Each structure stands twice: as structure tokens, then as C-alpha cells.
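Asker: Take this structure first; my questions come after.
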Amino acid sequence: MSEVRVRIAPSPSGNLHVGTARTALFNYLFAKKNNGKFVLRIEDTDAERTSQAYIDNIFDSLKALGLNWDEGPDVGGEYGPYTQSERFDIYPKYAQMLLDNGFAYECFCTPEELEHEKEVATANKQAYVYSKKCEHLTPEEKAKLIAEGRKPAIRFNISKAQKAFHPTSELSFNDLVKGELKQNTDLFGDFVIMKSNGTPTYNFAVVVDDMLMKISHIIRGEDHISNTFKQILIYEALGAEVPKFGHLGMILAPDRSKLSKRHGATAVSEFVEKGYLTEALINFVALLGWSPSDGEEIKTVDEIAKDFRIGDVSSSNSIFEYDKLNWMNSHYIKMLDIETLKEKLKPFLTKYDLSELTDAQYTRMVEVTREPLVILSDITDAVPYFFGETVEIEPEVQRDVLDTEVSQEVLKEFAKQAKDWEFEEENLHEKLEVFRGEFKEKGIKPKQTMWAIRAAVTGRTRGADMTATLAILGKDKVLKRVEKAIK
Ligand code: GLU
Numbered sequence: 363m364s365e366v367r368v369r370i371a372p373s374p375s376g377n378l379h380v381g382t383a384r385t386a387l388f389n390y391l392f393a394k395k396n397n398g399k400f401v402l403r404i405e406d407t408d409a410e411r412t413s414q415a416y417i418d419n420i421f422d423s424l425k426a427l428g429l430n431w432d433e434g435p436d437v438g439g440e441y442g443p444y445t446q447s448e449r450f451d452i453y454p455k456y457a458q459m460l461l462d463n464g465f466a467y468e469c470f471c472t473p474e475e476l477e478h479e480k481e482v483a484t485a486n487k488q489a490y491v492y493s494k495k496c497e498h499l500t501p502e503e504k505a506k507l508i509a510e511g512r513k514p515a516i517r518f519n520i521s522k523a524q525k526a527f528h529p530t531s532e533l534s535f536n537d538l539v540k541g542e543l544k545q546n547t548d549l550f551g552d553f554v555i556m557k558s559n560g561t562p563t564y565n566f567a568v569v570v571d572d573m574l575m576k577i578s579h580i581i582r583g584e585d586h587i588s589n590t591f592k593q594i595l596i597y598e599a600l601g602a603e604v605p606k607f608g609h610l611g612m613i614l615a616p617d618r619s620k621l622s623k624r625h626g627a628t629a630v631s632e633f634v635e636k637g638y639l640t641e642a643l644i645n646f647v648a649l650l651g652w653s654p655s656d657g658e659e660i661k662t663v664d665e666i667a668k669d670f671r672i673g674d675v676s677s678s679n680s681i682f683e684y685d686k687l688n689w690m691n692s693h694y695i696k697m698l699d700i701e702t703l704k705e706k707l708k709p710f711l712t713k714y715d716l717s718e719l720t721d722a723q724y725t726r727m728v729e730v731t732r733e734p735l736v737i738l739s740d741i742t743d744a745v746p747y748f749f750g751e752t753v754e755i756e757p758e759v760q761r762d763v764l765d766t767e768v769s770q771e772v773l774k775e776f777a778k779q780a781k782d783w784e785f786e787e788e789n790l791h792e793k794l795e796v797f798r799g800e801f802k803e804k805g806i807k808p809k810q811t812m813w814a815i816r817a818a819v820t821g822r823t824r825g826a827d828m829t830a831t832l833a834i835l836g837k838d839k840v841l842k843r844v845e846k847a848i849k
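What follows is the structure, given as C-alpha cells:
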């Protein structure tokens, strides 16, 4: 196989998980690095767990992350269709090939019979493997069972394949990430490759598809290692070339358990809805198991692609540090140009009437509130005082700031003077300086003076630059709010 061809093959039984995004990224990087092709295949053989909404989510999330595929369900390609449910007519031919060459056989066992075998194994404290009861059924016996209305499943004769291609019971392969991996395949038992209803099982469909799609390297999670041993033997039984495999360590939560909803977001779209930037997310995900040669962690996908080598990927598990993602996201927010940031913040400002602000005012509001943003949705609670005529005063602010004699004095004086000011930032800056100076002479600290004004105008003791805030709000709103705060 000369051309490098890799794939991501998600099952649409949920929204695109960050773990799948990482697998997709590593495949994408491997393809880029080797001038290869990156294929998307949708593995929707389990109709009950599949939904169109999940398929759309997978497409949208991969696109949002910039992981564009060269071949796939929507863009097509030489080896389509790229959706397994559209390939159901392909699999029986290859199952028949295995029946013909003796590496598969029909199995007529009922679910009850199989359940019984399992119970016996459990009672004897043995690991269950199928008994091979149907391996040598004669044509007459089969005809009888069919006449009874039974439909056969097809099982792969794994022990036969093992003996034919690797004369011991041990199978080993050289993993691109983990080095040599070995397994005694006797432990698997003859597994079903085609169900009695005619649909292929995962291990079979994946081999047929990867073979026909000429996939050269299979990079996926280490939870598939035991499948890989089964799949290698199926390739060999089909007389096909076995691709190279690389298995990535798992992604664990900070408490070292499996990353799940209780730890926080897990789907790419959930992160996006919370206000993570896809640039930050993809950069962060790249560092789960890979590190840049120059130690500089902030990198674009193109930069990572130049530096990426599959052999450098760590074989151990990675911890999904939400704190680190947050740090990275805040960094990426800081790097956004103002116009882009203004657009990206809009979905998080829908509870406010943005038409209250001119474009210039909105720009200034974003400029003075962007600094502490960790995720875009932080903007929602950072800006309520820029909207509406009045403002909600936090109870402690009322008690500790506005109700004091000093504040009342400051506000009365402010109302008197500010009605003659021009509410333009530079001018306000000068006026406020003089204003603070006057109170300082009366023994009131500049900080206290400003606190009183901030509390009356924003209802808070902390927030955006005060001069800018006053200028954005304008004289009318500011004076209304100050009058309201005066007793
Ligand atoms: N559909 C499988 C999954 O989502 C693909 C595994 C593979 O890469 O072979 O886990």
C-alpha cells in the first residue's frame, strides 16, 4: 500500500465526543503529514441507536474543528458509499467468501441455547466461549433446522484462522503507538460476523469497509485493541493485506475515571455552546497524548501537522484537565480581533437588547469587558448594567456602599456637576479626576468616591473601566441611575 489512507469511523449514537475528536485529529494530522487522504465513514449499522441528529452533529463538529475530510458521505469519493447502512448489499458477498474457504460457518443456535451455554460456563467459573456446536453441521442437519424456521447467523472460525496464519494460539502485531501487542486468541471464541437478520456485526463490517476503502493505517482508541486481534485474522482469512494499527491511550477525567457528563461537557458541541472556541479546543485536544517538540503549546493545527509524528504519541492515558482548557480558551479569546469577538459574543447576549447600543458603543463595551473572559458565555453576567434604564442593585452593595453617608454626599454632588458635563471618555476622564480631587480634600479617598458612583450606576462594586462605562451609558441613563440611588 503506497498511499496513506486513514479514516475516522464514528457510530452516530451520540454527539461527537471530544475523545473521537482527538482520534479524528490524530488521523487528520497523520494524513497531512504523509500527503495522505482522510476519510469519514459513518458506522450506523445499529439502527436503534442511530439518529440523523447525531450524524449532523458529527459533521458539524468535525467541520467546526477544521477537520475536513477528503472522502465521506457528503463529499463522496472513489470507494463509497461512506455510510454503512448504505453498504448492506456488500457484506454478504464477503461472508460467503469466508463460508466458502472454511473460515466461517453457519450457526443455528437460538438465543436460549446460547444463554444456556453461558450459564453453564458461569456455573463452572469459566470464561465463556462459543461451543462450536454448529461448526460441523451436515447439509441435512442444516436443511432440517431451516425447515423448522431457523435462520442462521454466520460465525468466524477464529481458531482455524489462527492456526492457518499463526501456528501458535498467540497473535502479535506491532502497534504504531504501543509497540508489540500479543493476545491468545483462543479466549475470543468463534464470534458472529453476520447476524441471522442479515446485518453485519461491527468487527466484520469494519474490516470489509477498511479493506475496500484501502485504508492503510488505523488509528483509534485502545479500547479497540481486542477487536484488532479479531480483525487481523479476518483480513488474513479474506486474503487481504493487513493495515498498520496505532492505538491511543484513553482520555480520563481529572479524578482518573472515565470522562463522563458528571465531570462537565464531553461533546464538542457542548463545549461550543458553553463558549469554548474551536481553535482552543482542537489545540487542547492535540496535547492529549502528544507534545510539541519545541515545548510551545499554543499552536494551530497546521503548525501541529508539521511537527506531528505518530511514533511520538504517548502510549499512556491522558487526563482531560478542564482548568488547562480554560486557560487555553481565555488565551485564544485574548487573541481574537475585536470584530470577530463582537460576532462570537452575540449568541451569549441574546437576553439583552443590543439595539440599545450603537456599533461604536458595543465595540467599546466589548473592549472593556473582554479581559477576564474565560469562556464566551462569561460575557452574559459581565454586562447587565450596560442595558436598560435602571439597574439592579446587589443587596450588599446597597447596604455597604450606597447607604453610607459618604456615598450619598458623593452622589448628590455628582448629580449636580455631571449634568453639565459632556459624556465623552476623554472629557469624563478629566472631569472625574477633578471631582475625585475635590473629595480628597474633604478627606474622602478617591477609591471611595468612585465606588459610590460605580455602585449607583452598575449596582456592583466591580466591573469594567468606570469612565468607559459612563460614556457608553450616556448622560441620561447615568443621571437617572444616580438620582435613583440618592435618598
Ligand atoms: N464505529 C466504531 C466506534 O465508533 C469505530 C471504531 C474503529 O475505528 O474501528 O467506536
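Note that our numbering has the sequence shown beginning at 363, numbered continuously upward. Positions of the beta carbon are idealized from the N, C-alpha and C atoms, including for glycine. All figures in this text were calculated on a predicted structure; none of them were measured in a lab.
1) Which first and last residues belong to the alpha helix (DSSP H) in which Tyr597 is found?
2) Does any heavy atom of the ligand GLU sit closer than 7 Å to the C-beta of Ser413?
3) For Met690 and Gln810, what's the separation of their Cα atoms in angstroms?
4) Spell out whether any CB of chain B is found under 8 Å from the CB atom of Leu738.
5) Assuming Val796 and Ala818 form a contact by the criterion Cβ under 8 Å, report the distance between their Cβ atoms to the nearest whole angstrom.
6) With the ligand GLU as the reference, list in chain order each residue whose Cβ lies under 6 Å from any of its heavy atoms.
7) Can you give me the start and stop residues for the beta strand (DSSP E) that Phe566 sits inside?
8) What residue ranges within the segment 762-807 form continuous alpha helix (DSSP H) runs of no fewer than 4 residues, ordered along the chain?
9) Using DSSP bridges, identify the partner residues of Gly608.
10) Excluding the five sequence neighbours on either side, which residues of its own chain have a C-beta within less than 6 Å of the C-beta of Gln676, listed in chain order?
11) So the candidates are Leu476, Leu639 and Ala627; which of them puts its Cα closest to the Cα of Ile695?
12) State the DSSP-derived secondary structure class of Val380, mapped to helix, strand or coil.
13) Would you say Val366 and Asn396 are within 8 Å of each other, going by their C-beta atoms?
14) Using a 10 Å radius around the Cβ and a threshold of 16 neighbouring Cβ atoms, would you call Ser534 buried or exposed?
15) Going residue by residue through the segment 656-705, where are the continuous alpha helix (DSSP H) segments of at least 4 residues, counting only ones entirely within it?
16) With the cut-off set at 8 Å, would you say Ala393 and Leu429 are in Cβ contact?
17) Applying the 10 Å Cβ sphere with the 16-neighbour rule, what's the burial state of Gln414?
18) Any chance the segment 576-588 sits against the segment 367-377, with 3 or more Cβ pairs inside 8 Å?
19) Rounded to the nearest angstrom, what separates Tyr564 and His586 at their Cα positions?
20) Determine the closest residue to Lys839 out of Ile613, Leu716, Gly750 and Asp432, with distance taken between C-alpha atoms.
21) Within the chosen definition, does the segment 695-710 reach the segment 677-687 through at least 3 CB pairs nearer than 8 Å?
22) Once the 5 residues before and after Lys846 are set aside, which same chain residues still bring their CB inside 8 Å of it?
23) Please work out which residues of its chain come closer than 6 Å, Cβ to Cβ, to Tyr714, disregarding the five sequence neighbours upstream and downstream, and give them in chain order.
24) Looking at Val630: is its Cβ nearer than 8 Å to the Cβ of Leu643?
25) So, under 8 Å CB-CB, Asp571 and Arg384 are touching, yes? Tell me the CB distance rounded to an integer number of Å.
26) Between which two residues does the alpha helix (DSSP H) carrying Arg843 extend?
27) Rounded to whole angstroms, how far is the Cβ of Pro372 from the Cβ of Glu405, which I believe are closer than 8 Å?
28) Give me the Cα-Cα distance between Glu481 and Cys496, rounded to the nearest whole angstrom.
29) Going by C-alpha distance, which of Ile672, Lys807 and Val634 is nearest Leu427?
30) With a threshold of 8 Å, are at least 3 pairs of Cβ atoms found where one atom belongs to the segment 464-475 and the other to the segment 444-453?
31) Any heavy atom of the ligand GTP closer than 7 Å to the Cβ of Glu479?
32) With which residues is Gly434 paired in a DSSP beta bridge?
33) Would you call Ser655 buried or exposed, if buried means 16 or more other Cβ atoms sit within 10 Å of its Cβ?
34) Keeping to the same chain, check which residues put their C-beta closer than 6 Å to that of Thr382; ignore five residues upstream and five downstream.
35) In the DSSP output, which residue or residues are listed as bridge partners for Lys620?
36) Between Thr590, Ala515 and Pro562, which has its C-alpha nearest Glu542's C-alpha?
Answerer: To lay it out plainly:
1) Here residue 597 refers to the residue found at position 235 when the sequence shown is read from its first residue. From DSSP, the alpha helix (DSSP H) with Tyr597 extends over Ile587 to Ala599.
2) Within the sequence shown, numbered from 1, the residue matching residue 413 stands at position 51. False, no ligand heavy atom lies under 7 Å from that Cβ.
3) The residue you call residue 690 lines up with position 328 of the sequence shown. The residue you call residue 810 lines up with position 448 of the sequence shown. If I take the Cα positions, the gap works out to 36 Å.
4) Reference to chain B is not applicable here, since this structure consists of a single protein chain.
5) Reading the sequence shown from its first residue, position 434 is the one you call residue 796. Reading the sequence shown from its first residue, position 456 is the one you call residue 818. Val796 to Ala818, Cβ: 19 Å. No contact.
6) Ala371, Pro372, Ser373, Glu405, Val568, Arg582 and His586
7) In the sequence shown, counting from the first residue as 1, residue 566 sits at position 204. Unbroken run through Phe566 is the alpha helix (DSSP H), Tyr564 to Leu574; no beta strand (DSSP E).
8) 767-780 and 787-803
9) Counting from 1 along the sequence shown, the entry for residue 608 is found at position 246. Partner residues in the beta bridge of Gly608, as assigned by DSSP, are Ile581.
10) Taking the first residue of the sequence shown as position 1, residue 676 is located at position 314. Before going further, note that residue 676 is Ser rather than Gln in the sequence given. Excluding residues within five positions, the ones whose Cβ falls inside 6 Å are Gly651.
11) Here residue 695 corresponds to residue number 333 of the sequence shown, with the count starting at 1. When only C-alpha atoms are compared, the closest one is Leu639.
12) The residue you call residue 380 lines up with position 18 of the sequence shown. Helix.
13) By one-based count along the sequence shown, residue 366 stands at place 4. By one-based count along the sequence shown, residue 396 stands at place 34. Yes; because the gap between Cβ atoms is below 8 Å, this pair is in contact.
14) Taking the first residue of the sequence shown as position 1, residue 534 is located at position 172. So Ser534 ends up on the exposed side.
15) Correct list: 663-669 and 684-697.
16) Residue 393 sits at position 31 when you count from the first residue of the sequence shown. Residue 429 sits at position 67 when you count from the first residue of the sequence shown. Not closer than 8 Å, so no.
17) Within the sequence shown, numbered from 1, the residue matching residue 414 stands at position 52. With fewer than 16 other Cβ atoms from the protein chains shown falling within 10 Å of its own Cβ, Gln414 counts as exposed.
18) yes
19) Taking the sequence shown and counting its residues from 1, the one referred to as residue 564 is at position 202. Taking the sequence shown and counting its residues from 1, the one referred to as residue 586 is at position 224. Distance between the alpha carbons of Tyr564 and His586: 11 Å.
20) Here residue 839 refers to the residue found at position 477 when the sequence shown is read from its first residue. Ranking Ile613, Leu716, Gly750 and Asp432 by Cα distance to Lys839 puts Gly750 first.
21) no
22) To locate residue 846, count along the sequence shown from 1; it is residue 484. Closer than 8 Å at the Cβ level, and outside the excluded window around Lys846, lie Thr752 and Ala818.
23) As a position in the sequence shown, residue 714 is number 352, starting the count at 1. The residues are Phe749.
24) As a working note, residue 630 is residue 268 in the sequence shown. As a working note, residue 643 is residue 281 in the sequence shown. Yes, the Cβ-Cβ distance between Val630 and Leu643 is below 8 Å.
25) By 1-based counting over the sequence shown, the position of residue 571 is 209. By 1-based counting over the sequence shown, the position of residue 384 is 22. With a Cβ gap of about 22 Å, Asp571 and Arg384 do not count as contacting.
26) The residue labelled residue 843 in the question sits at position 481 within the sequence shown. Met828 to Ala847 is the span of the alpha helix (DSSP H), which, as asked, contains Arg843.
27) Position 10 of the sequence shown, counted from the start, is the residue given in the question as residue 372. Position 43 of the sequence shown, counted from the start, is the residue given in the question as residue 405. Contact holds; Cβ gap of about 7 Å.
28) Working through the sequence shown from its first residue, we reach residue 481 at position 119. Working through the sequence shown from its first residue, we reach residue 496 at position 134. The alpha-carbon atoms of Glu481 and Cys496 are separated by roughly 19 Å.
29) Numbered from its first residue, the sequence shown carries residue 427 at position 65. Cα-wise, what sits closest to Leu427 is Val634.
30) no
31) Absence of the ligand GTP from the depicted structure is noted, with the ligand GLU being the only ligands included.
32) Looking up residue 434 in the sequence shown gives position 72. Gly434 pairs with Gly438.
33) Numbered from 1 along the sequence shown, position 293 holds the residue referred to as residue 655. Exposed.
34) Translated into the one-based positions of the sequence shown, residue 382 becomes position 20. Only residues of its own chain outside the window of five on either side were considered, and among them Pro372 have a CB closer than 6 Å to the CB of Thr382, listed in chain order.
35) Numbered from its first residue, the sequence shown carries residue 620 at position 258. Lys620 pairs with Leu614.
36) Numbered from its first residue, the sequence shown carries residue 542 at position 180. Among Thr590, Ala515 and Pro562, the Cα nearest to that of Glu542 is on Thr590.
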